[in-house]
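To start, the structure under review is shown below, and the notes come after it.
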Amino acid sequence: MERVSLTRMVPADPETVTALITDVAPFMRAAGFDEVTLNGDDLGITNRVGLFEIELDLEIVETDAVLRYEQRQGIFESMMTEYTVEAVDGGTEVTATTEYSALDLPVLGEMIDSTVISRQRKKELNKQFDWLVEQVS
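Numbering (full-length UniProt numbering), first residue to last: 1 to 137.
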């Protein structure tokens, strides 16, 4: 299983940061996805990466994390992302962790390796963190 994890301090209290993250549609759009749909706990994401369009059918799952979603259908054998918050001096530390295993598409699997996925995911998570900081500034 591959893992991408980033942490950033947001200059706001945990309740404010949690409210921004759990307003799922705008928070997911902040990652730069081309399309985000939300219907209850069903989350759909479409994103163009280079020559490819990636569609993920995700489910929001109840856990101790502020937000966690898991892939139901998509390009990975499995994929999960969760966001946690922790109060720190000067604000809230937000950690986002994505774990995924193997691409589930023979053609794409050869063309998009783990390095490309990791780089893309870091870019998306950083955009979300930037958005959180902008919302509280």
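All residues carry an ideal CB built from backbone N, CA and C; glycine is no exception. Quantities reported herein were computed from a predicted structural model and do not represent experimental measurements.
Coil, strand or helix - MET28 by DSSP: helix
Residue 140 - DSSP class collapsed to helix/strand/coil: This structure leaves residue 140 out entirely; the chain is present only between 1 and 137.
Proximal residues to GLU53 (C-beta, below 6 Å), its chain only, five neighbours per side dropped: No residues qualify anywhere along the chain.
Nearest candidate by alpha-carbon position, reference MET80, set ALA96, PHE129, ALA87 and GLN120: ALA96
Exposure of MET1, with buried meaning 16 or more beta-carbon neighbours within 10 Å: Counting Cβ neighbours within 10 Å, MET1 comes out exposed, since fewer than 16 surround it.
Through-space distance from GLY90 to VAL49, alpha-carbon basis: 36 Å
C-alpha distance - VAL136 paired with PRO11, whole-angstrom precision: 7 Å
Which residues DSSP lists as bridging GLU2, in chain order: TYR100
Option in VAL94, GLN128 and MET9 with minimal Cα separation from ALA25: GLN128
Length of the line joining the Cα atoms of PRO14 and ILE21: 10 Å
Beta-carbon gap between VAL85 and VAL17 smaller than 8 Å: yes
Whole-angstrom distance between GLY40 and VAL116, CA atom to CA atom: 31 Å
Within 8 Å, strictly: CB atoms of GLU70 and LEU58: Contact: yes.
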